[in-house]
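Colleague:
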Amino acid sequence: MSRALLPLVLALAAAPPAAQAADESLVIVSNGETVGSLKIHTQGNRVAVDYRVDDNGRGPKHHEDLVLDPSGVPTSWTIHGTSLMGGTVDESYAYAGQVARWKSQADAGSQAFARPPLYIANDDSPYALALYARAAMGRPDHCLAVLPSGRVCAQAVRTFALGSGKAALPVTAWRITGVQLNPGYVLLDQAGRLAGVFGPGADGTTIRAGYEAQVPMLAKLATELETARALALQQQLAHRFATPLRIRNVHVFDPASGTRSALSAVVVMRDTITQVLPEDPAAPDPADETVIDGQGGTVYPGLHDMHSHATLPAGLLYLAAGVTATRDMGNDNAFLQDLITRVDAGQVAWPRIVPNGFIEGRSPYSARFGFIPVSVDEALKDVRWYAARGYAEIKIYNSMNPDWVAPIAAEAHRLGLKVTGHVPAFDTPDRVIADGYDSIAHVNQLMLGWILQPGEDSRTPLRLTAMARAGSLDLAAPAVQHTVGLMQQHHVALDTTASILEQLMLSRAGHVPPGQEDFLGHMPIGFQRYRKRSFVNLPDAATDAAYHSGFAKVLETIGMLHRAGIVLLPGTDEATGFAVQRELELYVQAGLTPAEALRTGTLDAERFFGREGQLGTIARGKLADLVLVPGNPVEDIAAIRRPRLVLRGGVAYFPSEIYTALGIAPFTTPPPLHPAKEALASQDAGLTARSAFGYEIADHAD
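Heads up: the sequence shown runs through residues 187 to 888, numbered per my numbering.
This is the structure in structure tokens:
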């Protein structure tokens, strides 16, 4: 921490808790528009919080009551209302008689403590981040153990004035880690009261009422802070080699044939694959090459997330999961432009990004990023803006006027862009295909065309909840097969996002969601608990059964489309990388072989981009995007969950190092690495062991 920050930090830590305030009013702003509110009423040591968000037809809405001890740590905390998609929230925590007891969607338990611990709420609001910051900054190292488990840390990163003139409000920005996968940023004023919660990109910003004009500055600050963090992590975790890199003793998966080779060696120089050769186990390691022993594992091309919304911290999570390319399906335009520039320059760790330009229609349900044109002429101007900046596709969203789709698509095609998106409300899959869609986003958006009744509004959570009706859908029905025929005729692909649909439809309070059993326990406590919830309202057993039946029909639909020759693009609408792995597992459950599922996530994705000459298979002259895993994913697709090495353009990342740096328990160890002896001995090269080989040799040598 800088000396300039120290006096204010000490003052904040010694300040009375925010419970001394009376009333606080904050608003939630997304893409320049107010989408929610946070009201905090304090009386003595009691705090009442009302939190409401209505963005893109969804958002949490709940009330909190807290009782704080003299240090500002809750001894009682109740939360009641609904979560993101309307699921019931009924959470309680209490500390009495030196015992802490809690109950939430995720879990319930009790534990003895001599003093009140800091409880991490499952269904919290932005107020909670301020509470965590105040609790942590009072500790000597600004970190403390939390309940139910884990450790939360607060770091003061910037002190400045929010606003100017007489309204200028001195604040300190704190980075909070240990709650979720990504850091949170919270603003506290000099009395320790909440002034804002913010982050980079298009995510909603919570800001004290009257200071809404400061939101763009906060987004810029968040990007600056996260960029500095990302730059440091890239320096720490990206390994570049001055010599050829030989990955020995591996089987190479070929997506084109669906086969796995005999033992082979793959040689990479800088960003290019230079050789793929049969392995000679008796041959010594070349003295002038860096050698990684794959120990009989499998190497396959890097995976793709064909439905991503980029955030700066997500890059390392993607790479650790073996994802080396993404298709960004809509973002804050300025943020994405800056991110692509930094990624292309190698400054931050990220997969390759293919950007889509987001265009939404104006309605009370509008998503607040990209462009929201007020006329078709303005929409066409937006298409040209995206085309001039190298975007690959236009993405159309829920509130778009159906009559505008055809002219938007025509202009996009004229300029060489493809068109994708949701099926707009009151439109149909058949019509958007005829109007020019090249792909459809989300399997549920496709299936809603066979499920919804005329006049039903898919801008609301109905686009999820109506999937409970899917179980009775007859896939042989004329309406279904007519749509499939149109997709075949017009060569329309589908990015499926089945993994996020599975999570929303099948997650149940108190249980680890399907497909997350082997990784969720490795995550930060807030992330773990948020996942163990019901995202939808489940009033009775029949509703529960309907969602299970509906998701089974989703998988049946994916299998039917695959057999019909429809190109499946494995997208996730998430940014952990784990969801890409699950998407391919779900493809196997839908009837694809593991080899076919791997092809969709590698070669088929590159064919969709038109880059199969550069990427998508492991061959001489192609770019070195590849993944090493133990085991054989052609026999068991679950093998892709354990990458040991990932190359992105020849830059090596070891997932165990990434996860450790991000506070996640690693899943594997790095493969043995043998540095080039000649490079080590060379005095002319002027290279140290770390600068030449990326990390200390002793860490991984046999």
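The C-beta atom is built at its ideal place from N, Cα and C for all residues, glycine as well. Remember, predicted model here, so these are calculated numbers, not experimental data.
#1: With DSSP run on the structure shown, which of helix, strand or coil describes Glu615?
#2: By how many angstroms is the C-alpha of Ser216 removed from the C-alpha of Ile744?
#3: Let me know if Leu411 comes out buried or exposed under the rule of 16 or more other beta-carbons within 10 Å of its beta-carbon.
#4: For the putative contact between Gly836 and Ala810, defined by C-beta atoms under 8 angstroms, what is the C-beta separation to the nearest angstrom?
#5: From this set, Ser278, Asp457, Ala282, Thr409, which residue's C-alpha is nearest Gln807's C-alpha?
#6: Looking at the secondary structure, which residues open and close the alpha helix (DSSP H) in which Pro841 lies?
#7: On the DSSP letters alone, give me the boundaries of the beta strand (DSSP E) that Arg513 sits inside.
#8: Determine contact between the segment 721–736 and the segment 765–777, defined as no fewer than three beta-carbon pairs at a distance below 8 angstroms.
#9: Taking the straight line between their C-alpha atoms, what separation do you get for Gly802 and Leu789?
#10: Applying the criterion that 16 or more other CB atoms from any shown protein chain within 10 Å of the CB defines a buried residue, is Ala598 buried or exposed?
#11: Taking the DSSP output, what are the residues bridged to Met455?
#12: Which class does Met492 belong to by DSSP, given the choice of helix, strand or coil?
#13: Report the residue from Gln229, Leu692, Val332 whose alpha carbon sits nearest the alpha carbon of Leu141.
#14: Could you give the DSSP three-state label for Lys808: helix, strand or coil?
#15: Could you pull out every residue in the same chain whose Cβ sits closer than 8 angstroms to the Cβ of Leu423, ignoring the five residues on either side in sequence?
#16: What residue range is occupied by the uninterrupted alpha helix (DSSP H) comprising Gly543?
#17: Could you check what DSSP says for Asn308 in three-state terms: helix, strand or coil?
#18: Please state whether the Cβ-Cβ distance between Ala286 and Phe299 is less than 8 angstroms.
#19: Could you tell me which residues DSSP pairs with Gln297 in its beta bridges?
#20: Just verifying my parser: in three-state terms, what is the DSSP assignment at His748?
#21: Can you list, in chain order, the residues of its chain with a C-beta nearer than 6 angstroms to that of Tyr572? Leave out the 5 residues immediately preceding and following it.
#22: Would you check if the segment 693–703 and the segment 659–678 touch, i.e. whether three or more CB-CB distances between them fall below 8 angstroms?
#23: Give me, in chain order, the residues of the same chain whose beta-carbon lies closer than 6 angstroms to that of Met586; leave out the 5 immediate sequence neighbours on both sides.
#24: Roughly how many angstroms separate the alpha carbons of Gly817 and Thr779, rounded to a whole number?
#25: Just confirm the distance between the C-beta atoms of Asp251 and Pro302, as a whole number of angstroms; I'd bet it's less than 8 angstroms.
#26: Starting from Phe384 and walking both ways along the beta strand (DSSP E), at which residues does that stretch end?
#27: Return yes when the Cβ of Ala405 is within less than 8 angstroms of the Cβ of Thr392, no when it is not.
#28: Determine the extent of the alpha helix (DSSP H) in which Gly635 is found, giving its start and end residues.
#29: Please state the DSSP three-state secondary structure of Thr268.
#30: Quick one: Cα of Ala665 to Cα of Leu814, how far?
#31: Could I get the ranges of all uninterrupted alpha helix (DSSP H) runs contained in the segment 542–588, with 4 residues as the minimum, in chain order?
#32: Starting from Trp590, follow its DSSP beta bridges and name the residues at the other end.
#33: Helix, strand or coil: which one does DSSP assign to Pro861?
#34: Would you check if the distance between the CB atom of Ile686 and the CB atom of Asp589 is smaller than 8 angstroms?
#35: Take Lys604 and list the residues in its own chain whose beta-carbon comes closer than 8 angstroms to its own, dropping the five residues that flank it on each side.
#36: Check the DSSP bridge columns for Gln714 and list the partner residues they point to.
Modeller: In this structure, then:
#1: Residue mapping note: residue 615 aligns to position 429 of the sequence shown, counting from 1. The sequence as given places Pro at residue 615; Glu does not occur at that position. Of the three classes helix, strand and coil, the one that applies to Pro615 here is helix, per DSSP.
#2: Here residue 744 is taken as the residue at index 558 of the sequence shown, counted from 1. Here residue 216 is taken as the residue at index 30 of the sequence shown, counted from 1. For Ile744 and Ser216, the distance between alpha carbons rounds to 34 angstroms.
#3: Numbered from its first residue, the sequence shown carries residue 411 at position 225. Buried is the call here.
#4: Taking the first residue of the sequence shown as 1, we reach residue 836 at position 650. Taking the first residue of the sequence shown as 1, we reach residue 810 at position 624. The Cβ separation is near 4 angstroms, so the contact holds.
#5: One-based indexing of the sequence shown puts residue 807 at position 621. One detail in the question is off: residue 807 reads as Gly in this sequence, not Gln. For Gly807, the nearest C-alpha among the options comes from Asp457.
#6: Taking the sequence shown and counting its residues from 1, the one referred to as residue 841 is at position 655. Unbroken alpha helix (DSSP H) run through Pro841: 841–847.
#7: Numbered from 1 along the sequence shown, position 327 holds the residue referred to as residue 513. Segment 509–514, the beta strand (DSSP E) holding Arg513.
#8: no
#9: Taking the sequence shown and counting its residues from 1, the one referred to as residue 802 is at position 616. Taking the sequence shown and counting its residues from 1, the one referred to as residue 789 is at position 603. If I take the Cα positions, the gap works out to 4 angstroms.
#10: By one-based count along the sequence shown, residue 598 stands at place 412. Burial call: buried.
#11: For the purposes of this step, residue 455 is taken as the residue at position 269 of the sequence shown. Met455 is bridged to Thr458.
#12: Walking along the sequence shown from the start, residue 492 turns up at place 306. DSSP places Met492 in strand when its eight states are reduced to three.
#13: Because residue 141 is not part of the residues shown, which for the chain are 187 to 888, the question remains open.
#14: Indexing the sequence shown from 1 puts residue 808 at position 622. Lys808 falls in the coil class under three-state DSSP.
#15: Your numbering for residue 423 matches position 237 in the sequence shown. Closer than 8 angstroms at the Cβ level, and outside the excluded window around Leu423, lie Leu502, Ala535, Tyr839, Phe840, Glu843, Ile844, Ala847.
#16: To locate residue 543, count along the sequence shown from 1; it is residue 357. Unbroken run through Gly543 is the beta strand (DSSP E), 538–545; no alpha helix (DSSP H).
#17: The sequence position of residue 308 within the sequence shown is 122, counting from 1. Asn308 falls in the coil class under three-state DSSP.
#18: Here residue 286 is taken as the residue at index 100 of the sequence shown, counted from 1. Here residue 299 is taken as the residue at index 113 of the sequence shown, counted from 1. In contact: Ala286 and Phe299 (Cβ atoms closer than 8 angstroms).
#19: Translated into the one-based positions of the sequence shown, residue 297 becomes position 111. The partner list for Gln297 (beta bridge, DSSP) reads Ala286.
#20: Start at 1 with the first residue of the sequence shown, and residue 748 comes out as number 562. His748 falls in the helix class under three-state DSSP.
#21: Position 386 of the sequence shown, counting from 1, holds the residue named residue 572. Once the five neighbours on either side are set aside, the close Cβ partners of Tyr572 are Gly543.
#22: no
#23: Mapped onto the sequence shown, residue 586 falls at position 400. Only Gly547, Pro610 meet the Cβ criterion.
#24: One-based indexing of the sequence shown puts residue 817 at position 631. One-based indexing of the sequence shown puts residue 779 at position 593. Those two C-alpha atoms are separated by around 16 angstroms.
#25: Indexing the sequence shown from 1 puts residue 251 at position 65. Indexing the sequence shown from 1 puts residue 302 at position 116. In fact, because the Cβ distance is near 16 angstroms, the residues do not count as touching under 8 angstroms.
#26: Residue numbering aside, residue 384 sits at position 198 when the sequence shown is read from its first letter. Per DSSP, Phe384 belongs to the beta strand (DSSP E) from 380–384.
#27: The count along the sequence shown starts at 1 and reaches residue 392 at position 206. The count along the sequence shown starts at 1 and reaches residue 405 at position 219. No.
#28: For the purposes of this step, residue 635 is identified with residue 449 of the sequence shown, where counting begins at 1. Element bounds for Gly635: 629–637.
#29: In the sequence shown, counting from the first residue as 1, residue 268 sits at position 82. Correct three-state label for Thr268: strand.
#30: For this step, residue 665 is matched to residue 479 along the sequence shown. For this step, residue 814 is matched to residue 628 along the sequence shown. Taking the straight line joining both Cα atoms gives about 44 angstroms.
#31: 562–574
#32: Looking up residue 590 in the sequence shown gives position 404. Beta-bridge pairing links Trp590 to no other residue.
#33: Here residue 861 is taken as the residue at index 675 of the sequence shown, counted from 1. Correct three-state label for Pro861: coil.
#34: Residue numbering aside, residue 686 sits at position 500 when the sequence shown is read from its first letter. Residue numbering aside, residue 589 sits at position 403 when the sequence shown is read from its first letter. No, Cβ-Cβ distance for Ile686 and Asp589 is not below 8 angstroms.
#35: In the sequence shown, counting from the first residue as 1, residue 604 sits at position 418. These residues qualify, in order along the chain: Ala578, Glu579, Ile580, Ala598, Asp624, Ser625.
#36: In the sequence shown, counting from the first residue as 1, residue 714 sits at position 528. Paired residue(s): none; Gln714 is not in a bridge.
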